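Here's the structure, in C-alpha cells; my notes come after.
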Amino acid sequence: MTIDETPRGPGPGGETPAMAQPRSGARDLERYAGLFARRTQVMKSSAMRDLMAVTARPEVISLAGGLPDTSTFPAEDFSALMARVGVDDAARALQYGPTEGLVEVKDPIAQVMAAEGMEVEPDDLLVTTGGQQVIDLVCKTLIDPGDVVIAEAPTYPGAVPVFVSYQADVVQIEMDEHGMRIDVLEAELERLDAEGRLPKFIYTVPSFQNPTGVTLSLERRRRLVEIARRRELLVLEDNPYGMLRYEGSPLPTLYSLDGGEYVIYLGTFSKILSPGLRLGWTAAPRPVLDKLNLGKGAVDLCSSPLSQLFVRAYFAERDWLSYVRSLTGLYRRRRDIMLEALAEHFPPEATWTRPRGGLFIWARLPDYIDTTDLLARALRDHVAFVPGRAAYLDGRGGSEMRLNFSGVGDEEIREGIRRIGKVVREQVGLYGTLTGAEPVRPAVAPPPSGVSGSAAEAPSGPSGGVPEPDAARVLPLRRRTG
Amino acid sequence: MRVAVLKGGDSLERQVSLRSGARVEHALERLGHDVVAIDVGADLVDRLGAERPDVAFVALHGRGGEDGTVQELLELLGIPYTASGPSACIRCTDKVLAKHALRDAEVPTPDFYAFSQAAFEELGAARALPAIEERLDFPIVVKPAGQGSALGIKFARTPGDVPGAIVAAFSYDTKVLLERHVAGRDLAVSVLEGVDGGPEALPVVEAVPNEEDFYDFEARYEIGRTTFTCPAELPAEVASRARELALAAYRVLGCYGFARVDLMLDEASGELTVLEADVIPGLTDTSLLPLAAEAAGISFEALIARVLELAVARAPP
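Shown next as C-alpha cells:
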C-alpha cells in the first residue's frame with residue numbers, strides 16, 4: 004500500500020485511490036467543531052470531565068455530589084399530594100402556564116421568604132425552573148461578552164459554566180471565615196474603575212456558601228449592600244441554603260437589608276423540599292424582572308405547572324417547616340460526623356471550614372498536593388470529592404476540595420473521609436520523603452504538639468480519644484496571588 | 010460474524026472508550042456483523058460465555074483494557090480479539106518498559122529516568138534527583154508510567170516543582186518517569202497492518218495548539234483548543250523519517266493490527282524522537298488514527314473491517 008504525503012490526499016497523477024473519501028480527514032474532524040459558538044468552549048477540561056464520570060460508578064462513595072437527601076420525604080405524602088393535584092387540577096397541571104408562574108405558588112414562595120425575614124409582593128416574583136435558571140437569566144439579561152461579573156473565590160461550581168457560556172470576565176474575590184473580603188472587593192472595584200470598567204453584578208452565596216460552607220458576616224452584608232447602592236451595581240444573592248442552619252442565629256438576607264433595590268434574590272425549593280421539582284424563583288427590581296421574564300419566555304415558556312401545583316398542595320396540606328426541621332436535624336448530624344472524621348483521618352497539614360449550615364465543607368491541603376490528581380488516586384480506593392479547580396475560573400484552587408455531607412449516609416461519610424485521609428497522608432508522606440522534610444511514617448508519627456489532627460492515631464498519645472471537632476483549624480482561604 | 014465490542018470498564022478513560030465503542034459498533038453493523046456491546050465489568054467472563062462471540066473487538070482504553078489484562082483473558086477463553094497481544098500491551102502501557110525497549114533497539118526517545126515509589130521510600134532515590142535534574146535540564150516532564158491520557162503529566166520548571174510533580178504522577182501509578190522536554194512539534198503516526206503486507210505507516214498527524222498554551226497537555230487533545238492537520242505540513246524527508254521511526258517502534262514493541270506512535274520533532278535540532286506507542290488508540294470521531302486512515306483513503310468501516318480480519322487471521326486454527 005502506498006500512502007501519499009501531499010496535503011491534497013490523492014497522488015500527483017490526479018488518480019483517486021479506490022477507497023478514497025471525497026472530503027479530507029482534517030475537515031471531517033472539524034466539521035462540527037467549526038460550527039460551535041465560542042461560548043461553548045467551557046473551561047472545565049475533558050480530563051476533569053472524565054474523572055467526574057468515574058465518580059458516578061456505584062461502588063464509589065461520592066462526597067462529590069451536592070444532593071439533598073430525598074429519601075426521608077414520606078412516600079405516602081408524595082402520592083397523596085400528587086393524587087390531590089390530579090383530582091383538583093388535572094387539566095391545569097397538564098397545560099402550559101404563565102411565564103411568571105402560577106399565582107398559587109407565589110404564596111408558598113412568600114411564606115419561605117417570610118421565614119427568612121423578607122416581605123415580597125407577588126408581582127415582584129418570577130417562578131423559574133430551579134435556581135440555576137435564575138443565574139442563567141441574569142447573565143442573559145445583563146452580560147455582553149467581556150462584561151465583568153464579580154464572584155467569590157471559590158464560587159459555586161455550577162455557576163462557572165454559566166458565566167463562561169456568556170463570555171463574562173469573572174473577577175473572583177478572596178474569602179476568609181467571614182465570607183467575601185469586602186476590602187479586597189473595594190480594591191478590585193477601584194481597579195476596574197480606573198480601567199473604565201463597570202461590573203454588571205456581584206454574584207454571592209452569602210449563607211453557607213457552596214462550596215466553602217462559609218457565611219458572610221452581618222457587618223459585611225451591610226457593607227456589600229451599601230457598595231451596591233453607592234456604585235449602582237446589582238447583586239445576585241443566591242440563597243438555596245439559608246433555611247438549613249444548624250447553629251447560631253439567622254442573619255438578614257441582602258435582599259431584606261437592601262429593600263429589593265439593587266439585590267436580585269434567588270430562592271429555590273430544591274433544598275427545602277425537592278430538587279426533582281425543578282422549581283426556584285427570583286425577586287428583583289421590576290425593570291430587571293421584566294427583562295428576566297422575557298428571557299425566560301424565550302428559554303422555556305414557563306416552569307412546570309405540575310410541579311407548581313404540587314408545591315401549592317404541599318404548602319396547603321403539610322407543615323413545610325417541620326420537614327425543614329427534620330432535614331436540618333439529619334444534616335447537622337452528618338456535618339458533625341464529617342467534622343469528627345476529618346479531625347481523625349486528615350493529616351495536620353490540612354485545614355477545613357466548619358460550616359454552621361448548608362451542605363458542604365471545604366478543605367485545603369498543602370500546596371504541593373494537586374487535588375485533581377489526588378481524585379484519580381482516591382477513585383482507586385472508590386471515593387470521590389470535587390477538586391477545587393472546579394470552583395475557580397482562573398486555575399486557582401489546585402490544592403483544595405469540596406466535600407458534601409448531605410447526600411450520603413453516616414457510615415459512608417466516615418468511611419469516605421477515612422479513605423481520602425489515607426491517600427492524603429500517603430502523598431504528604433511521599434512529599435516528605437522526596438524533600439527530606441519529614442520521616443515517612445505518618446500513620447504512626449506522634450502528632451505535632453497541640454495539634455489535634457492525628458491524635459487519634461498516635462499509639463500512646465495523651466488524649467487517645469477522638470479529637471474535639473471544634474479544635475479543627477479554620478481554613479484561611481487562598482490569596483489572590485496564591 | 011458475531012462480534013463482541015468490549016468498551017467502558019472502570020479506567021479513567023472510560024468515557025473515551027464508550028465513544029470509541031459506540032462508533033465501532035455502528036461501523037460493524039453497517040458491515041453486516043451481528044454486534045454485541047459489552048460494558049466491561051465483573052461479569053465479563055460470564056457475558057462472553059453467554060454471548061459466544063466469534064471475535065472480540067477491544068475498544069477499551071487505559072487500565073484493564075489496554076494493559077494486557079483483557080487480552081490475557083481472551084487468550085485463555087480462546088476468543089480471537091483485535092489488536093496487540095498481552096506482551097505488547099504490557100510493554101506499551103508501561104511507558105518505562107516501552108522507552109527501555111526503544112532505547113535498547115536504538116530507536117531515539119528523549120532521555121529519561123524512571124523510579125518506583127519504593128525506590129523513593131526504601132532506597133533514598135530522592136538523593137539522586139539533583140543529578141537527574143542536571144542531566145535532563147529544565148523544564149522536565151514528569152509522567153506516570155501507566156496513564157494513557159494527559160492526566161498526571163506535569164512540567165517541572167524548577168527543582169522546587171519536581172517533588173510535587175512526582176507526587177501527582179504517583180496518583181496514577183507506582184512508577185514515574187522523568188523525561189527530557191523536547192520543545193517542538195507534536196506528531197502522531199498511526200500504523201495499520203495490511204492483511205498480507207505487514208504494517209504500514211499512515212500519514213503524519215500534527216497537533217497544533219491554537220493558543221500558546223505550550224505547557225498545557227490537556228489542551229493539546231481537546232477540540233477547539235488544538236487543530237489537527239493531516240497530512241502534517243512537513244518536508245518530505247522529515248515525514249518519511251517520522252513514519253520509519255513509527256514503524257520501527259511498532260516492530261520493536263511487538264504491536265499487532267494497529268497502533269498510534271507519538272513523536273516529537275525538536276524545533277532546534279530537527280531531531281525526531283518517539284515518546285510512546287498506544288496499542289488501542291482512540292476510535293472516536295475526533296481521534297487521530299481514523300483521521301490518518303481517512304487521509305490515506307481508508308474509510309472508518311474499511312479500517313474496522315481490516316482490524317477485524319487481522320484478529321481472525323491471527324487466531325489459531
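First to last, the sequence lines map onto chains A and B. Sequential numbering of the first sequence, starting at 4, is according to this note's numbering. Sequential numbering of the second sequence, starting at 10, is according to this note's numbering. By construction, the Cβ of each residue, glycine as well, lies at the ideal position given by its N, Cα and C atoms. Values in this document were obtained by computation on a predicted structure and should not be read as measured data.
* Exposed unless 16 or more other CB atoms sit within 10 angstroms - verdict on Gly-199 of chain A -> exposed
* **Within chain B, partners of Tyr-317 of chain A - CB distance below 7 Å** => Residues of chain B passing the Cβ test: none, with the nearest at roughly 38 Å.
* To do: Report buried or exposed for Arg-61 of chain B, applying the criterion of at least 16 other Cβ atoms within 10 angstroms of its Cβ.
  => exposed
* To do: Just the chain B side, please: which residues come within less than 9 Å of Gly-391 of chain A by C-beta, in chain order?
  => Near Gly-391 of chain A there are no residues of chain B at all, since even the closest Cβ is about 14 Å away, more than 9 Å.
* So what does DSSP say about Ala-192 of chain B, is it helix, strand or coil? -> coil
* To do: Determine, using beta carbons only, whether Ile-176 of chain A and Val-165 of chain A come nearer to each other than 8 Å.
  => no
* Hey, Glu-75 of chain B and Thr-118 of chain B are a contact pair by Cβ (cut 8 Å); roughly how many whole angstroms apart? -> The pair is not a contact, with the Cβ atoms about 20 Å apart (cut-off 8 Å).
* To do: Specify, as a first and last residue, the run of the alpha helix (DSSP H) that Thr-331 of chain A falls within.
  => 323–348
* To do: Using a cut-off of 8 Å between C-beta atoms, extract the partners of Tyr-434 of chain A located in chain B.
  => Pro-172, Gly-173 and Val-176
* To do: Spatial neighbours of Ala-174 of chain B within its chain, please: CB distance less than 7 Å, with the 5 preceding and 5 following residues excluded, ordered by chain position.
  => Val-151, Lys-163 and Ala-165
* chain B beta carbons: is any one of them nearer than 8 Å to that of Thr-438 of chain A? -> yes
* So who's on the other strand from Asp-287 of chain B, going by DSSP bridges? -> B:Arg-269
* Asked: Taking Cβ to Cβ, would you say Ser-402 of chain A is nearer than 8 Å to Ile-372 of chain A?
  -> yes
* Asked: Excluding the five sequence neighbours on either side, which residues of its own chain have a C-beta within less than 6 Å of the C-beta of Leu-106 of chain B, listed in chain order?
  -> Arg-100
* Asked: Apart from the five residues on each side of it in sequence, which residues of its chain come closer than 8 Å, Cβ to Cβ, to Phe-129 of chain B?
  -> Ala-135 and Ile-175
* Met-116 of chain A to Ser-273 of chain A span [Cα, whole Å] -> 14 Å
* How is Asn-296 of chain A classed by DSSP in three states: helix, strand or coil? -> helix
* Contiguous beta strand (DSSP E) assignments of at least 3 residues, all confined to the stretch 37–82 of chain B -> 43–48 and 64–67
* Asked: How would you call Gly-204 of chain B, buried or exposed, if buried means at least 16 neighbouring beta carbons within 10 angstroms?
  -> For the sequence presented, residue 204 of chain B should be read as Val rather than Gly. Classification of Val-204 of chain B: exposed, given that the 10 Å Cβ count is below 16.
* How big is the Cα-Cα spacing for Arg-250 of chain B and Thr-295 of chain B? -> 25 Å
* **Assigned secondary structure, Met-1 of chain A (DSSP; H/G/I helix, E/B strand, else coil)** => In the structure displayed, chain A extends from 4 to 485; residue 1 of chain A sits before or after that span and is not available.
* Does the beta carbon of Gln-430 of chain A come closer than 8 Å to any beta carbon on chain B? -> yes
* If you measure beta-carbon to beta-carbon, which residues of the stretch 11–24 of chain B are closer than 9 Å to chain A? -> Asp-19, Ser-20, Leu-21, Glu-22, Arg-23 and Gln-24
* Apart from the five residues on each side of it in sequence, which residues of its chain come closer than 7 Å, Cβ to Cβ, to Asp-195 of chain B? -> Glu-215, Ala-216, Arg-229 and Met-273
* Asked: Where do the ends of the beta strand (DSSP E) carrying Thr-271 of chain A lie?
  -> 266–271
* Asked: Within the chosen definition, does the stretch 302–311 of chain A reach the stretch 151–166 of chain A through at least 3 CB pairs nearer than 8 Å?
  -> no
* Alpha carbon to alpha carbon, how far is Met-246 of chain A from Gln-114 of chain A? -> 12 Å
* At a Cβ cut of 7 Å, what residues of the stretch 150–169 of chain A count as close to chain B, listed as they run along the chain? -> none
* **Gly-216 of chain A versus Trp-365 of chain A: straight-line alpha-carbon distance, rounded** => 7 Å
* So is Ala-135 of chain B in contact with chain A if we call contact Cβ pairs under 8 Å? -> yes
* Nearest neighbour of Ala-162 of chain A, chosen from A:Phe-349, A:Leu-368, A:Asn-213 and A:Leu-362 [CA to CA] -> A:Asn-213
* Asked: What does Gly-161 of chain B reach in chain A if we use C-beta pairs closer than 8 Å?
  -> Asp-376 and Ala-379
* Might you give, ordered along the chain, the residues of its own chain that have their beta carbon closer than 6 Å to the beta carbon of Leu-269 of chain A, omitting 5 neighbours on each side? => Gly-134, Val-137, Asp-241 and Thr-285
* To do: Could you tell me whether any Cβ in chain A is nearer than 8 Å to the Cβ of Leu-319 of chain B?
  => no
* Asked: Does the beta carbon of Val-123 of chain A come closer than 8 Å to any beta carbon on chain B?
  -> no
* Please name the residue, chosen from B:Asp-63, B:Ala-110 and B:Lys-104, that lies closest to Gly-87 of chain B on a Cα-to-Cα basis. => B:Asp-63
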